[in-house]
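Chemist: Residue numbers (our numbering), protein chains in the order written: chain A, 6 to 317; chain B, 2 to 243. So that we are looking at the same thing, I have put the structure below in structure tokens.
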Amino acid sequence: MGQFDQKIDAIQMRILEEVAGLHEVPEGAYNIRANGKTAERSTTANIDIVSKEDGSGIDIKIRPFTKHESVHIPVVLSESGLTETVYNDFYIGEGSDVVIVAGCGIHNCGDQKSEHDGIHRFFVGKNAKVKYVEKHYGEGDGKGQRILNPVTEVTMEEGSYMEMEMVQIKGVDSTKRTTVADLDKNAKLIVRERLLTHGSQDAESSFVVNLNGEDASADVVSRSVAKEHSHQKFVSQINGNTRCAGHTECDAIIMDDAKIVAVPELTANDVDAALIHEAAIGKIAGEQIIKLMTLGLTEEEAEAQIVNGFLK
Amino acid sequence: MLTLENISFDVKGEGGEKEIIKNLSLTIDEGKFVVITGPNGGGKSTLAKLIAGIYKPTSGRILFNETDITEAGITERANMGISFAFQQPVRFKGVQVLDLIRLAAKKKLSAADACQYLSEVGLCAKDYINREVNGSLSGGELKRIEIATVLARNTQLSVFDEPEAGIDLWSFQNLIQVFERMRESTNGSILIISHQERILNIADEIVVIADGQITKKGSRDEIMPQIMGTASAVDACSVLNR
Ligand SMILES: Nc1ncnc2c1ncn2[C@@H]1O[C@H](COP(=O)(O)OP(=O)(O)OP(=O)(O)O)[C@@H](O)[C@H]1O
Ligand SMILES: [Mg+2]
Chain A
6 MGQFDQKIDA
16 IQMRILEEVA
26 GLHEVPEGAY
36 NIRANGKTAE
46 RSTTANIDIV
56 SKEDGSGIDI
66 KIRPFTKHES
76 VHIPVVLSES
86 GLTETVYNDF
96 YIGEGSDVVI
106 VAGCGIHNCG
116 DQKSEHDGIH
126 RFFVGKNAKV
136 KYVEKHYGEG
146 DGKGQRILNP
156 VTEVTMEEGS
166 YMEMEMVQIK
176 GVDSTKRTTV
186 ADLDKNAKLI
196 VRERLLTHGS
206 QDAESSFVVN
216 LNGEDASADV
226 VSRSVAKEHS
236 HQKFVSQING
246 NTRCAGHTEC
256 DAIIMDDAKI
266 VAVPELTAND
276 VDAALIHEAA
286 IGKIAGEQII
296 KLMTLGLTEE
306 EAEAQIVNGF
316 LK
Chain B
2 MLTLENISFD
12 VKGEGGEKEI
22 IKNLSLTIDE
32 GKFVVITGPN
42 GGGKSTLAKL
52 IAGIYKPTSG
62 RILFNETDIT
72 EAGITERANM
82 GISFAFQQPV
92 RFKGVQVLDL
102 IRLAAKKKLS
112 AADACQYLSE
122 VGLCAKDYIN
132 REVNGSLSGG
142 ELKRIEIATV
152 LARNTQLSVF
162 DEPEAGIDLW
172 SFQNLIQVFE
182 RMRESTNGSI
192 LIISHQERIL
202 NIADEIVVIA
212 DGQITKKGSR
222 DEIMPQIMGT
232 ASAVDACSVL
242 NR
């Protein structure tokens, strides 16, 4: 520590708490990026983090058979008017079992837009197991827009397993998320997305999953709530190129004057590809509100509880 | 404590207005255990919803502790001390059993205290407390959780709409005990809608509702002989002829 020229301040610390659940310096490996520069970094015997030579991002290298270690790579933007594109490449060694926590928080009190476009590439080795958590959060009372456009590319080798939890609950004005995954034999991908939009926010999330190896499987589930004038679009494309199983589900609550679009696209290129898509968009069931009101909650409190539970 | 005065309730059906509750008057006194029974479609659940404020009467007045609550909303009545266990409990995606019981109790119950209510309705608490109140629960489990939410509220008036429905035979006896305990421990009143002889048997008063009206009302000893072994408890013909 100390070799980097940025220091974490109070606002940034609070945002780190929101996106990475960090109250203090995390255990294990980490790389904290603040306002366009690495602020703090720590590596372990098994996990190395190195800056790319051209300065465009970092490489995270996890040795084969590393077990029960974690990597945190949060990003905070607290200066107005910052626009950046960052490449983070994760090399996850064969047979390892790790947790990766990423997240981006923007605090924009100025009038210029702040934008962070993170491109995360995962190379998940044979039989490796990864849990990936990514949270997005924005705040600040300035007029400046808060924009996040994450791109995630996943290459999964034979027998690997990856669980991705992606959460964006508040304060991001515009987001366009793209996730592409290629799965080899017996690989398994699980995606859980949670999204809440309000005001005039715009969120688009698109998934392309290619099931290329025999018995590869994917389960992509999005739960979202769109309030006020916000717009959401969920695109989920699963290509079954061999004997495989794919399931995608979009479950959305629409409120006020929001708009939600769900676009499923299943392509089976093999007779043994089993693909399922489910999509449901609807308002909160009236009887749910009534039940909670009979417990003494007001209509607004009842709605908030239902939305909270739904996104938990 | 609760008085219904000349309550009528109409709904718009295909063939115009339909009167579901017809000029019905009923008083439930403090500390009483009242059971409402009667044929399917007679208007029992509708009456319960009128009491809880889910429906507003077309005419008539409702008084609770001498206060006119005819225009009071669901929340307001709940906070005044009226609880209602639905005939068909509602499911919630993502909301856990513990959340629901805490909401019902209106305080930050410890998990152990919440478990108490589940145990009372015969659910092994640790298996259920973190379950979601969603489609994965069986009908009987959901029904018991519904009853537990009303127990947790512990209000002056508790209304249960067919609490025994879907509850297995073995647990039935426990359920009866739950009501008997409730009656001993609260000085509030309990109103149960039921078709079960064993529940009728523990009532102070029995009210028979058919076709939107009270057809019989009185003490258990008075009413039980009249409805058991006769066709009047469930009058199939009047249901079929409708
Ligand atoms: N919203 C509604 N619109 C039209 N008809 C209704 C409505 N609610 C209830 N009814 C009708 O009113 C009548 C009374 O219904 P209610 O549910 O109160 O009966 P119940 O006595 O509770 O019957 P059960 O013993 O089967 O539960 C029925 O004929 C029912 O179909
Ligand atoms: Mg009924």
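Where a beta carbon is used, it is the ideal one built from N, C-alpha and C, also for glycine. Keep in mind the model is a prediction, meaning the values are calculated, not measured.
On the DSSP bridge assignment, give the partners of residue 269 of chain A in chain order.
Modeler: Along the first sequence, read from residue 1 onward, the residue named residue 269 of chain A stands at position 264. Answer is A:241.
Chemist: Would you check whether ligand 2 has a heavy atom nearer than 6 Å to the C-beta of residue 250 of chain B?
Modeler: Given a span of 2 to 243 for chain B in the structure shown, any question on residue 250 of chain B remains unanswerable.
Chemist: For residue 79 of chain A, count neighbouring Cβ atoms within 10 angstroms of its own Cβ and tell me buried if that reaches 16, exposed if not.
Modeler: Mapped onto the first sequence, residue 79 of chain A falls at position 74. With 16 or more other Cβ atoms within 10 Å, it is buried.
Chemist: State buried or exposed for residue 281 of chain A, treating a residue as buried only when at least 16 other CB atoms are found within 10 Å of its CB.
Modeler: Numbered from 1 along the first sequence, position 276 holds the residue referred to as residue 281 of chain A. It is exposed - the Cβ of residue 281 of chain A has fewer than 16 other Cβ atoms within 10 Å.
Chemist: Below 8 Å, can you find three or more Cβ-Cβ pairs linking the region 84-94 of chain B to the region 278-298 of chain A?
Modeler: The region 84-94 of chain B, when compared against the region 278-298 of chain A, does touch it at the 8 Å Cβ threshold.
Chemist: Assuming residue 79 of chain A is part of the beta strand (DSSP E), what are its boundary residues?
Modeler: Indexing the first sequence from 1 puts residue 79 of chain A at position 74. Element bounds for residue 79 of chain A: 72-82.
Chemist: Who are the neighbours of residue 292 of chain A on chain B, taking C-beta pairs under 7 Å?
Modeler: Mapped onto the first sequence, residue 292 of chain A falls at position 287. Here the neighbours are 91.
Chemist: Starting from residue 85 of chain B, find everything on chain A with Cβ-Cβ shorter than 7 Å and list it in chain order.
Modeler: Counted from its first residue, the second sequence places residue 85 of chain B at position 84. Within 7 Å Cβ-Cβ: 299.
Chemist: Determine whether the beta carbon atoms of residue 198 of chain A and residue 227 of chain A lie at a separation below 7 Å.
Modeler: Here the question's residue 198 of chain A lines up with position 193 in the first sequence. Here the question's residue 227 of chain A lines up with position 222 in the first sequence. Yes, they are a contact pair.
Chemist: Pull out every residue of the region 64-82 of chain B whose Cβ sits closer than 7 Å to any Cβ of chain A, in chain order.
Modeler: Against chain A - using a Cβ distance shorter than 7 Å - the residues of the region 64-82 of chain B are 75, 76, 79 and 80.
Chemist: Taking residue 138 of chain B as the reference, give the member of B:62, B:163, B:167 and B:153 with the closest Cα.
Modeler: Within the second sequence, residue 138 of chain B is the residue found at index 137, counting from 1. The shortest Cα separation from residue 138 of chain B among B:62, B:163, B:167 and B:153 belongs to B:167.
Chemist: Going along the region 154-187 of chain B in order, which residues come within less than 8 Å of chain A, judged by CB to CB distance?
Modeler: Hits within the stretch, in order: 154.
Chemist: Which residues, in chain order, does the region 104-121 of chain B contribute to contact with chain A at a C-beta distance below 8 Å?
Modeler: Cβ contacts with chain A come from 104, 105 and 107.
Chemist: Excluding the five sequence neighbours on either side, which residues of its own chain have a C-beta within less than 7 Å of the C-beta of residue 9 of chain B, listed in chain order?
Modeler: On the second sequence, residue 9 of chain B is found 8 positions in, with the first residue counted as 1. Correct list, in chain order: 20, 22, 23, 24, 58, 59, 60 and 61.
Chemist: If the cut is a Cβ gap below 7 Å, which residues of chain A does residue 53 of chain B touch?
Modeler: Residue numbering aside, residue 53 of chain B sits at position 52 when the second sequence is read from its first letter. Here the neighbours are 299.
Chemist: Determine the contact status of residue 202 of chain B and residue 32 of chain B, defining contact as a CB-CB distance below 7 Å.
Modeler: For the purposes of this step, residue 202 of chain B is taken as residue 201 along the second sequence, with counting starting at 1. For the purposes of this step, residue 32 of chain B is taken as residue 31 along the second sequence, with counting starting at 1. No, they are not a contact pair.
Chemist: Check whether the Cβ of residue 237 of chain B lies closer than 7 Å to any Cβ atom in chain A.
Modeler: Here residue 237 of chain B refers to the residue found at position 236 when the second sequence is read from its first residue. Because residue 237 of chain B carries a pLDDT of 48, less than 50, the predicted location of this residue cannot be relied on, and no value is offered for it.
Chemist: Strictly under 7 Å for the Cβ-Cβ distance: is residue 95 of chain B near chain A by that measure?
Modeler: Position 94 of the second sequence, counting from 1, holds the residue named residue 95 of chain B. Taking Cβ atoms only, chain A reaches closer than 7 Å to residue 95 of chain B, which makes this a yes.
Chemist: Just by C-beta distance, which residues in the region 20-47 of chain B are closer than 9 Å to chain A?
Modeler: Against chain A - using a Cβ distance shorter than 9 Å - the region 20-47 of chain B contributes no residues.
Chemist: For the alpha helix (DSSP H) containing residue 133 of chain A, name the first residue and the last one.
Modeler: The sequence position of residue 133 of chain A within the first sequence is 128, counting from 1. Residue 133 of chain A -> no alpha helix (DSSP H), and no H or E assigned at all.
Chemist: What separation, rounded to the nearest whole angstrom, lies between the Cα atoms of residue 237 of chain B and residue 171 of chain B?
Modeler: As a working note, residue 237 of chain B is residue 236 in the second sequence. As a working note, residue 171 of chain B is residue 170 in the second sequence. Residue placement at residue 237 of chain B is flagged as unreliable, the pLDDT there being 48, under the threshold of 50; the coordinate-derived value follows with that caveat. For residue 237 of chain B and residue 171 of chain B, the distance between alpha carbons rounds to 29 Å.
Chemist: Ordered along the chain, which non-local residues of its own chain (more than five positions away) have a Cβ less than 6 Å from that of residue 4 of chain B?
Modeler: Numbered from 1 along the second sequence, position 3 holds the residue referred to as residue 4 of chain B. Only 28 and 64 meet the Cβ criterion.
Chemist: Indicate whether at least one CB of chain B lies closer than 7 Å to the CB of residue 49 of chain A.
Modeler: Here residue 49 of chain A is taken as the residue at index 44 of the first sequence, counted from 1. False, the Cβ-Cβ gap to chain B never drops below 7 Å.
Chemist: Return helix, strand or coil for residue 134 of chain B, following the three-state DSSP convention.
Modeler: As a position in the second sequence, residue 134 of chain B is number 133, starting the count at 1. Coil.
Chemist: Just mark residue 125 of chain B as buried or exposed, buried being the case when its beta carbon has 16 or more other beta carbons within 10 Å.
Modeler: As a position in the second sequence, residue 125 of chain B is number 124, starting the count at 1. That one is exposed.
Chemist: My output table needs one value for residue 57 of chain B: the three-state DSSP class, helix, strand or coil.
Modeler: For the purposes of this step, residue 57 of chain B is taken as the residue at position 56 of the second sequence. In this structure, residue 57 of chain B counts as coil in the three-state DSSP scheme.
Chemist: Checking the sheet assignment: what are the DSSP bridge partners for residue 162 of chain B?
Modeler: Along the second sequence, one-based indexing puts residue 162 of chain B at 161. Looking at the DSSP assignment, residue 162 of chain B forms a beta bridge with B:194.
Chemist: Examine ligand 1 and report whether any of its heavy atoms sits within less than 6 Å of the Cβ of residue 45 of chain B.
Modeler: Taking the first residue of the second sequence as 1, we reach residue 45 of chain B at position 44. It does: the Cβ of residue 45 of chain B is within 6 Å (strictly closer) of some heavy atom of ligand 1.
Chemist: Is it buried or exposed for residue 119 of chain A, if we count other Cβ within 10 angstroms and need 16 for buried?
Modeler: Working through the first sequence from its first residue, we reach residue 119 of chain A at position 114. Buried, by the Cβ-count rule.
Chemist: Does residue 50 of chain A pass the burial test, meaning 16 or more other C-beta atoms within 10 Å, or should it be called exposed?
Modeler: As a position in the first sequence, residue 50 of chain A is number 45, starting the count at 1. The residue in question, residue 50 of chain A, is exposed, as its Cβ has fewer than 16 Cβ neighbours within 10 Å.
Chemist: Is it true that the region 94-105 of chain B meets the region 37-55 of chain B, where meeting means three or more beta-carbon pairs spaced less than 8 Å apart?
Modeler: Too few Cβ pairs lie closer than 8 Å, so no.
Chemist: The alpha helix (DSSP H) that contains residue 177 of chain B, what's its start and end?
Modeler: By 1-based counting over the second sequence, the position of residue 177 of chain B is 176. Per DSSP, residue 177 of chain B belongs to the alpha helix (DSSP H) from 170-186.
Chemist: Would you say residue 242 of chain B reaches chain A, if we count a Cβ-Cβ gap shorter than 7 Å as a contact?
Modeler: Numbered from its first residue, the second sequence carries residue 242 of chain B at position 241. Unreliable positioning characterises residue 242 of chain B in this predicted model, as indicated by a pLDDT of 48, which lies under 50. A coordinate reading is not provided.
Chemist: Could you name the residues of the same chain whose beta carbon sits closer than 6 Å to that of residue 224 of chain B, not counting the 5 residues immediately before and after it, in chain order?
Modeler: The residue given as residue 224 of chain B occupies position 223 in the second sequence. Excluding positions up to five away in sequence, the list reads 207 and 217.
Chemist: Would you check if the distance between the CB atom of residue 270 of chain A and the CB atom of residue 237 of chain A is smaller than 7 Å?
Modeler: Position 265 of the first sequence, counted from the start, is the residue given in the question as residue 270 of chain A. Position 232 of the first sequence, counted from the start, is the residue given in the question as residue 237 of chain A. No. Outside cutoff.
Chemist: In the DSSP assignment, the beta strand (DSSP E) including residue 150 of chain A goes from what residue to what residue?
Modeler: One-based indexing of the first sequence puts residue 150 of chain A at position 145. Per DSSP, residue 150 of chain A belongs to no beta strand (DSSP E) and is neither H nor E.
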